[in-house]
Amino acid sequence: MTQPPKTVVKRREFLKVLGSTGAAATAVGCSMERVEQLIPYVVSPDHTVPGVSTNYATICRECAAACGVIAEVRDGRAIKLEGNPDHPVNRGALCARGQAALQGLYNPDRYRGPMIRRDNRLQPATWDEALARVRQGLDEARAANAASGVRFVSQHENGSFPGFVDQWMAAGGFGAHIAFDAEADLAARAANQAEYGSAWPALDFTAAHLIVSIGADFLDGWGSSVAHQLSFADARAKLGAAPRFVYIGARRSLTGLNADEWIACRPGSELAIAEGLLGAVGGTSTGTMAVAATASGVTEAALQRLADELRAARPSLVLGGVNTPDAYLVSQAAARINRAAGNVGVTVKPDQGSTIGGADGARALAALATEMNAGTVRVLFVRGANPVYTLPKAAQFAEGMAKVPLKVSFSSYPDETSELCDVVLPDHHALESWGDSEPVRGTLGLQQPVMDPLFNTRATADVLIAMARADTAMAARYTNAMYRDALTSRYGGGQGAFTAALSTGLGQGSALARSTAASSAAAPAAPTAAPQAIAGDGEFFLVVHPSPALGAGAGANKPWLQELPDPVSKIAWQSWVEIHPSTAARLGVHAGDHLTVTTAAGSVTAPAYLYLGIHPEAVAVSLGQGHTAYGRYAQGLGVNAVDTLGATYDGGGRLAWTQAKARVAKAAGHSRLVSTEGSARQHGRGIAQALTAAQLAAGETGGAHHEFIGDASHEFLPGLRAPVANDAQGDLGSQSSTKKGMYADDHWSGMASRRWAMTIDLSRCTGCSACVTACYAENNIPTVGARWQGRSLRPFHTADGAGWDSTPGANILKGREMAWLRIERYFEGGESGETDFETRFVPMLCQHCGNAPCESVCPVFATYHAPDGLNVQVYNRCVGTRYCSNACPYKVRYFNWHGYGEAERRQFAFPDPLHLQLNPDVTVRGKGVMEKCTFCVQRIRDAENRATAEGRSVEGDEFTTACAQACPSRAIVFGDAASEEWSVARQVEDPRAYHVFEELNTYTAVVYLKKVNHPGGPR
Amino acid sequence: MATLVEPLDQRPNVATANIQLPAVESYEQVDREIAGTLVPTTGWFALLGISIAFFLWGAGAWVYQIYWGLGNAGYNPPVMWGVYIISFVFWVGIGHAGTLISAILYLFRAGFRTTIYRCAEAMTVFAVMTAGLFPIIHIGRPWKFFWLVPYPNWRLIWPNFKSPLVWDVFAISTYLTVSATFLYVGLIPDIAVLRDRATNPVKKRILAVMSLGWRNSEPEWRHFARMYLFLAAFSTPLVLSVHSVVSFDFAMAVTPGWHATIFPPYFVAGAIFSGIGMVFTIIIPIRKFFRLQHIVTINHLDAAAKLALFTSMVVGCAYLIEFWVAWYSANEFEQAYFWNRVFGQWWWAAWIMLSCNMIFPLSLFSQKLRRNPTWLFILSILINIGMWYERFVIIVPSLSHEFEPWQWSGYVPSWVDVSILAGSFGWFFMWFLLFIKNLPVIAIAEVKEIIPPRLRSHAPVADIDVTGHHVDYSPETPGERE
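Residue numbers (the numbering used here), protein chains in the order written: chain A, 22 to 1040; chain B, 180 to 661.
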């Protein structure tokens, strides 16, 4: 923790102490630990009521999209992030990575203060020492007349900051600033800019009749995923009238799994297909279907049918976003198809697009590495970016850094790059900083600190300003002492308007643009006109792709994201090599056998995951793991797929992840896959149900519509199709009894007249898993997969030999993950060799059964039925017989196998200061008790209490659960099914509604709405 | 003695009291030979040491598990019940044969029970003592186990009487109380014998208290016999009810493979079967090491083996009916589970169960094998293993292959599970070994009832006076006292 510079206790310091003490007391509450004392406020700070949250609007900086978030702050600590409902990009939704920003803020491995390299080791220092060292370096560079050898590499962010750094570098006469973005599809941005005049036009999926994605993973990382998902889900919610979605690519990503049809092409052949389609829709193209079929391995007839469909379905939406060296050309061709098909202005809206731009790719960094190796770089500043990890070895960035006399990192985390630096000037986390963004042209998203800085850190912008003001050459240009003042002074309307805008987090105006002079040095070379074939020595195409949760590696230090099963493979805490089952059979590879993937650039070895959604001639490895630094949660897990990549860049200057062919060989070794999947097939059990559009049109609902006694009119359940609490006996079960207590309709509490319920629309759900992480954040769910929390040690035998498997993640291997809400991913079809298959995602959580099998078996009433339909779990009463879990048909009860909330145990899930994130409204469960989804009972009671305090009743859709709040597909609707005021009461009347395992008479409160498929004609 | 292993020309009807001990000639011989088992030997100390070592190892594993959490056991959700519940059911089941033999067979006047019942009854008490530990070991917060007991408290919170686990608490505690009482009551005349033979005054005093001042008077015998009969009648329904209640732990849950009406009779038959197996495991070494083959004769073993064969066939029938019901129910979850049990993931466990419990015991149709103690001992070990696996097959494959395919899993016990299981055997045998060196492992009084009365035998050697004290035989002493 930071030491206050003065002995005077400042208000924020005081708040911090109060907050941490309170959270610590919560963390150890209800145990036999010693009782800690809370310090009461003597004079309460303004607008702060202990135990009542304050919400601040700010910006998420976890990816380039810069979504708006509302941070819930309790007693001086941010405890939850939710989407800002007013924000034009995410409209209230927030993805898993955004949720996990809190674990960046509270990351236990953050630098807690400035560091200086002494004795070849980074050691704590004071800010004065560290800044003096930097000044000295700059002075030396200037003295050597090499000011242009001062370079700045930053993580690009949407907003004024890149331009601010440009100006700072220019003011000092330094060299170019590189605003690096490892993940953004710069080629698509460049192509869009050229074709549409807008780097990222708004995409309207709802207006389309056909969506064709050529490798564009718009739901998992390509562009602004949340915005795309909102629109895509709205389109799918049109059910029968929804657009058909065809995905063309070598690997079915999460986006691909959501497609109605997958056209599996060879990697690198996407351009040929795009050119063929462009010709087919009447655009200017040299491509033909015959060429495309030969290149891609897809039958010409199949491609021709797609072309016919594309011609017929207007408007359509074609997206190109591959990771191959041809990326620019594919995006360009896709844009031209849209123009030829008349989609521009209808489904693609350049005038409403984002202004995002000015990011530099890996090629610019590689050029910098060359300079560094040549010895011309004197001082290197790095902020946020981690080029040592994200750049291929061939770029020799680390070697170059060794030749730079002074390397200064502003990183918050000990990542691979900052570990090589001489001085670390840790930045505030984004949630502690000022800033802005321009998500949509003309609209400013405002970033404000939501809490006092946790550690002895300083905002980089403020450090730069301070350095400039101390420098005679630069001081004149920096009249504002703080970056905040710089932002305010730029803001139209000044200080007052700025302060007013902070309450919504949105304002009018535009962010500071990057100075063209600064970015010219880093600007991408002209897009390559000639297509580049994927070549190399080897039998297989190597597909490298970003991870939906970890991105290109930035998410790896956040345990929520490590614990989140990959939406496609359902593997956590591990790297894997995807290989098609038929290929695996040919090579004699079983799931978990180690495979070595070797290219000219290098090789990686990881366990095999047999995946139907990978082209049989390809293998795929995900980015994001294989860190050698970056903190305890990231280090030493899996492999870094970049090790297999050479210095090949796409037209936008980004590293071409899919660039080479590879040899694949079995390695000696075997690891169990740290997967949460039991069976990937539902064995006809009707858990994830679907209809075709044709069935829906014919009025079929795909199965008998069960009617129950008490339907809709049952006293406990107006509005739901099944009665609740029908196992009630004695007084509670008798219609005429007057001794029902709180279970009586007319009880003053009104509880029995409610029925909390949830609908989950499988047509909307994309399986993105944002809800899962939101649930972890809201409900203090421990992560259990870290290496020190358990290691599997099992003998294995393969055809190549035997050995010991010591895969980390033993708790997950044993099925002990604690996710109250999990996404089940079931495959349909594809067993007998056909390429295409269907995927259904089912969010599975406690069903809050009206007739719950778990309730009657608990010997101590630790789980019982509340009058308002909740299946309640009383942690304090639970003795841990686990009988409830055995009885539960949905298997949604989770047991605390270890003391995950006890700091002295190696399984502790909240090492300091991660525990500061814990929600004070939710118990941290002790060892040996059951837990499960509560329907966010703390939110229910909070809303009820608030309503009571305000002398009114709870209004329809007044609040919702954490999962429903986060869901970027709006698939989850929560509310009181007994009241027509709530949306959920209308949702349950949908003809697609069904209960899982209805035949067990559990009368669940979670109602699923069947997915609607658009299979299209025979292909 | 050699003749004893041969079938008798006139085979006794073992279902009646017509049981013969031709090699036992006098009461004194009975006293001497049975009380002779009480002399400690090196072998006994060695076995006791081994048992205590196992017990301590298991206890240590439990302490480790309590401190670090149940995660150190092999649980693999949704397999939330594992070795501990398997062992709980296993040990409760073991207990049942003891009560069956001592109570039900007593009511049926089955003579062959006489020489083996004490051993079986002691086994019952110690098995229930062992079984009772497992639910506590199993739960997440063992220090709160008393919440399952309905005790008055100011919060007015009672246990959930709808939960079979609460029924278990009653069943097990009742069973332990009744079987311990029954064991003790039966022991009273024998303790009096030991009291009279004791030379150590302290020991004599303790035995005198324990024998409740037994004086061998006729009213005492009358009261004793009434009491014994009453307790036998009282215990009899417990044999059926306790394991029925245990079976409700499973049958009351909707889990496929558990939710079956056949469970109570199926469990009771299995319990008796497993108990007889354990009786063989214990009595065969005892009769061999203490050279009591002429008291616990081949005829007795033969008769008990027939009971084992019968219960084995009941159990086997239940196994087959389960499959039939799964097929006939047309319930896809049941069918998938049973297929997976026998031909899928758990085929090996199911086949251990089927062969040990259903197939190997069929060998008892052969009289030769029924009368071969070595084979009976080997078979009893197989039955013990088979019955442990029966519970494994009921619990683990059901939970690992339930309704939700996404949550299908496997299960491998950890070293903690195995240690605690081994520790439970240490605990059980520790008590049993202490028992056989302190109290007669064969009922002295009841054996005396079936040996030929003194005057009808050609060599009476001893007698009992009115005070119950033994007196040496002399020709002057009147023969049968009236």
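Where is the CB? At the ideal position from N, CA and C, for every residue including glycine. In this text the structure is predicted, and so the values were computed from the model without any measurement.
{"Check": "A:TRP918: contacting residues in chain B (beta-carbon distance under 9 Å)", "Outcome": "GLY248, LEU249, GLY250, ASN251, ALA252, TYR254, PRO256, GLY319"}
{"Check": "Environment of A:TYR915 [buried if 16+ CB atoms lie within 10 Å]", "Outcome": "buried"}
{"Check": "Neighbour flag for A:ARG706 against chain B, beta carbons, 8 Å", "Outcome": "yes"}
{"Check": "Short CB-CB distance (under 8 Å) between A:PRO874 and chain B", "Outcome": "yes"}
{"Check": "Contact the segment 208 to 218 of chain A vs the segment 315 to 335 of chain A: 3+ CB pairs below 8 Å", "Outcome": "no"}
{"Check": "A:ASP457 (DSSP reduced to helix, strand or coil)", "Outcome": "strand"}
{"Check": "Other residues of its chain near A:ASP457: CB distance less than 7 Å, five sequence neighbours each side excluded", "Outcome": "GLY180, SER181, LEU465, GLY466, LEU467, GLN468, LEU508, ALA532"}
{"Check": "Residue-chain proximity (A:THR376, chain B), Cβ-Cβ < 8 Å", "Outcome": "no"}
{"Check": "Where the segment 933 to 948 of chain A meets chain B: residues whose CB sits under 9 Å from a CB there", "Outcome": "GLY947, LYS948"}
{"Check": "Straight-line Cα distance separating A:ILE235 from A:ASP225", "Outcome": "17 Å"}
{"Check": "Stretch pair the segment 685 to 695 of chain A + the segment 1007 to 1020 of chain A: three plus CB contacts closer than 8 Å", "Outcome": "no"}
{"Check": "Contact with chain A by B:ASN339, beta-carbon distance below 8 Å", "Outcome": "yes"}
{"Check": "Entirely enclosed alpha helix (DSSP H) segments - the segment 772 to 858 of chain A, minimum 4 residues", "Outcome": "791 to 800, 831 to 834"}
{"Check": "A:ALA795 vs A:ALA983 beta-carbon contact at 8 Å", "Outcome": "yes"}
{"Check": "Contacts around A:ALA798, its chain only, beta-carbon distance under 6 Å, and the 5 residues preceding and following it disregarded", "Outcome": "LYS101, GLN120"}
{"Check": "Which of helix, strand or coil DSSP assigns to A:MET136", "Outcome": "strand"}
{"Check": "Burial state of A:PHE9, where buried means 16 or more other Cβ atoms lie within 10 Å", "Outcome": "With chain A covering 22 to 1040 only, the question about residue 9 of chain A has no answer from this structure."}
{"Check": "Sequence-distant residues of its chain with Cβ nearer than 6 Å to A:SER296 (five each side left out)", "Outcome": "Going by the sequence as given, residue 296 of chain A is Glu instead of Ser. Cβ neighbours of A:GLU296 beyond the five flanking positions: SER306, GLY308, ALA354."}
{"Check": "Spatial distance of B:ALA430 from B:PHE539 (CA atoms)", "Outcome": "28 Å"}
{"Check": "Partners in chain B for A:SER877, counting only beta-carbon separations shorter than 7 Å", "Outcome": "LYS341, SER342"}
{"Check": "From A:ARG287, A:ARG1007, A:ASP766, A:ALA987, residue whose alpha carbon lies closest to that of A:THR315", "Outcome": "A:ARG287"}
{"Check": "Short CB-CB distance (under 8 Å) between B:SER636 and chain A", "Outcome": "Note that B:SER636 scores 49 on pLDDT, short of 50, meaning its location in the model is unreliable and no value can be drawn from it."}
{"Check": "Where A:ILE80 sits in the DSSP three-state scheme", "Outcome": "strand"}
{"Check": "Interface residues of chain A facing B:PHE324 [CB-CB closer than 8 Å]", "Outcome": "VAL900"}
{"Check": "Opposing strand residues paired with A:THR320 [DSSP bridges]", "Outcome": "A:THR320 pairs with nothing; no bridge assigned."}
{"Check": "Test: B:PRO639 CB closer than 8 Å to a CB of chain A", "Outcome": "Residue confidence for B:PRO639 is low, a pLDDT of 43 falling below 50, so the modelled location carries little weight; the figure read from the coordinates is stated next. Taking Cβ atoms only, chain A never reaches closer than 8 Å to B:PRO639, which makes this a no."}
{"Check": "Where A:ARG33 falls: helix, strand or coil (DSSP)", "Outcome": "helix"}
{"Check": "Where A:ASP997 falls, given that 16 or more other Cβ within 10 Å makes a residue buried", "Outcome": "buried"}
{"Check": "A:TRP455, buried or exposed, once every other Cβ within 10 Å from all chains shown has been counted against 16", "Outcome": "buried"}
{"Check": "Euclidean distance between Cα positions of A:LEU738 and A:ARG776", "Outcome": "A caution first: A:LEU738 carries a pLDDT of 39, below 50, which makes its placement in the model unreliable, though a value can still be read off. Using only the alpha carbons, I get a separation of about 6 Å."}
{"Check": "Residue burial classification, A:VAL610 (beta-carbon count within 10 angstroms, cutoff 16)", "Outcome": "buried"}
{"Check": "Cβ neighbour criterion (16 or more within 10 Å) applied to A:THR1023", "Outcome": "buried"}
{"Check": "Under 7 Å (Cβ pairs) to chain A, residues found in the segment 582 to 608 of chain B", "Outcome": "PHE582, GLU583, PRO584, TRP585, GLN586, TRP587, SER588"}
{"Check": "Pair within 8 Å by beta-carbon distance, A:ASP671 and A:ALA677", "Outcome": "yes"}
{"Check": "Assigned exposure category for B:TRP527 - 16 Cβ within 10 Å defines buried", "Outcome": "exposed"}
{"Check": "Helix, strand or coil at B:PRO314 according to DSSP, with G and I counted as helix", "Outcome": "helix"}
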